[in-house]
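Q: Residue numbering for the sequence shown is 5 to 167, as defined by the numbering used here. Think of the CB as a built atom: it goes at the ideal place given N, C-alpha and C, for glycine as much as any other residue.
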Amino acid sequence: PLQIDTLRQRLRALGAKPRHEASVLRHWACALPQQQRSARQDVLPRALRDALPALEAELDALATLRAEHPAADGSARLLVALADGQTVESVLLPRAEGLCVSTQVGCAVGCRFCMTGQGGLLRQLGSAEIVAQVALARRRRAVRKVVFMGMGEPAHNLDAVLE
5 PLQIDTLRQR LRALGAKPRH EASVLRHWAC ALPQQQRSAR QDVLPRALRD
55 ALPALEAELD ALATLRAEHP AADGSARLLV ALADGQTVES VLLPRAEGLC
105 VSTQVGCAVG CRFCMTGQGG LLRQLGSAEI VAQVALARRR RAVRKVVFMG
155 MGEPAHNLDA VLE
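(1) Quick check on the burial criterion: 16 or more other C-beta atoms within 10 angstroms. Buried or exposed for His-73?
(2) Could you tell me how far apart the beta carbons of Ala-20 and Leu-52 are, in whole angstroms, since I believe they sit closer than 8 Å?
(3) Which partner residues does Val-92 have in the DSSP bridge list?
(4) Whole angstroms are fine: how far does the CA of Val-47 sit from the CA of Thr-91?
(5) Is Gln-122 buried or exposed, if buried means 16 or more other CB atoms sit within 10 Å of its CB?
(6) According to DSSP, simplified to helix, strand and coil, what is Ala-100?
(7) Go to Pro-74, then tell me how far its beta strand (DSSP E) extends in each direction, as first and last residue.
(8) Quick check on DSSP: helix, strand or coil for Arg-144?
(9) From Ala-65 to Leu-129, what distance separates their C-alpha atoms?
(10) Just to confirm, are Pro-49 and Glu-133 a CB contact at a threshold of 9 Å?
(11) With DSSP as the reference, identify every bridge partner of Gln-13, one or two as the case may be.
(12) Give me the Cα-Cα distance between Arg-16 and Asp-9, rounded to the nearest whole angstrom.
(13) Roughly how many angstroms separate the alpha carbons of Ser-79 and Phe-152, rounded to a whole number?
(14) For the beta strand (DSSP E) that Leu-125 lies in, which residues bound it at each end?
(15) Return the CA-CA distance between Val-95 and Pro-22, expressed in angstroms with no decimal places.
(16) Just to confirm before moving on: does the CB-CB distance between Thr-107 and His-160 stay below 9 Å?
(17) For Val-84 and Gln-137, what's the separation of their Cα atoms in angstroms?
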């Protein structure tokens, strides 16, 4: 699975300085188009500027909306397709512009009250796939708070969650 650190390394290989990395990743996580940076675009290294359209398409493909299921309380369950075809669920929460994200495809815990664990753990999400859920949700509405209670046990994928 794709990790944020791998994205940082790719950006550095394109000549990005730490401030460029932060800017590109912030635009992605906040669901802002990379090309909207026209006033500051010329401060990015040329190789990075040229690579932005393909990079943006790749990042957008990490998490795509397959289905949305709104509820009466204002929440909405989002079925999110990952680049490898697996699906996870994110939930837009009705209060405080919150979002609940998944950290695993499936779950190894098997809590009796939860359907996710019945199929077992299929794989861990990379940190970039976790952030991609946030970017996807932010294309639908504002998100100010993110919680890790979706599919999977966040503590079992702690490195990706912390990253």
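A: So, from the data block:
(1) Exposed: under 16 other Cβ atoms inside 10 Å.
(2) Yes, they are in contact, since the Cβ atoms of Ala-20 and Leu-52 sit about 5 Å apart, within 8 Å.
(3) Beta bridge pairing from DSSP links Val-92 with Val-84.
(4) Rounded to the nearest angstrom, the two C-alpha atoms are 38 Å apart.
(5) The residue is exposed, with fewer than 16 neighbouring Cβ atoms inside 10 Å.
(6) In the three-state reduction of the DSSP assignment, Ala-100 falls in the coil class.
(7) Judged by DSSP secondary structure, Pro-74 falls within the beta strand (DSSP E) whose first and last residues are 67-74.
(8) DSSP, read as helix, strand or coil, puts Arg-144 in coil.
(9) One Cα belongs to Ala-65, the other to Leu-129, and the distance between them is close to 14 Å.
(10) Between Pro-49 and Glu-133, the C-beta gap is not smaller than 9 Å, which leaves the two residues out of contact.
(11) As computed with DSSP, Gln-13 is found in no beta bridge at all.
(12) Between Arg-16 and Asp-9, the C-alpha separation is close to 10 Å.
(13) Here the C-alpha atom of Ser-79 lies approximately 16 Å from the C-alpha atom of Phe-152.
(14) Here the beta strand (DSSP E) through Leu-125 covers 125-128.
(15) Each residue's CA atom was taken as its position, placing Val-95 and Pro-22 some 32 Å apart.
(16) The answer is yes: Cβ separation under 9 Å.
(17) Distance between the alpha carbons of Val-84 and Gln-137: 8 Å.
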